[in-house]
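Report on one structure; see the data block that follows.
In this note's numbering, the protein residues as written are 1 to 109.
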């Protein structure tokens with residue numbers, strides 16, 4: 001018997017389904033949160049938090065994909081965005097870079 005497993009990515013804020021949904025983490029009062037958002041909704045979250053982020057103090061950085069890529073000599077987010085635009089891949093000015101763009105970059109290099 002064959003079995004097919006389908007993964008559906010859903011934006012936690014809007015409830016819409018999209019392959020562009022990514023998981024984002026943030027903390028408040030010592031509690032860590034995760035939320036799955038498309039890039040437009042991530043931009044809304046970032047814009048809402050921006051005044052607090054700019055007035056706050058950093059207390060450290062968690063290890064994540066971005067820090068791991070840079071320590072391994074991978075491209076920065078700005079480099080990936082520039083490459084994506086030059087190669088006709090849609091990418092936002094801010095927020096997380098879609099996995100499809102990262103995969104296309106890695107295939108090209």
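Note that the Cβ used here is the ideal one computed from N, Cα and C, for glycine as well.
Note that the structure is a prediction, hence the values are computed from the model and not measured.
Between the alpha carbons of residue i and residue j, how many angstroms are there, rounded?
| i | j | result |
| --- | --- | --- |
| residue 36 | residue 21 | 6 Å |
| residue 94 | residue 81 | 9 Å |
| residue 109 | residue 31 | 39 Å |
| residue 34 | residue 76 | 23 Å |
| residue 92 | residue 39 | 8 Å |
| residue 49 | residue 59 | 16 Å |
| residue 102 | residue 84 | 9 Å |
| residue 15 | residue 23 | 14 Å |
Given a threshold of 16 other Cβ atoms within 10 Å of its Cβ, counted over all protein chains shown, does residue i qualify as buried or as exposed?
| i | result |
| --- | --- |
| residue 142 | Outside the shown range of the chain, which is 1 to 109, sits residue 142, and nothing can be said about it. |
| residue 41 | buried |
Residue i lies in the alpha helix (DSSP H); which residues open and close that run?
| i | result |
| --- | --- |
| residue 86 | 77-86 |
So, do the region 23-33 and the region 52-59 have three or more beta carbon pairs nearer to each other than 8 Å? no
Segments assigned beta strand (DSSP E), at least 3 residues, entirely inside the region 3-47: Taking only runs of at least 3 residues, the beta strand (DSSP E) segments lying wholly in the region 3-47 are 22-28 and 31-37.
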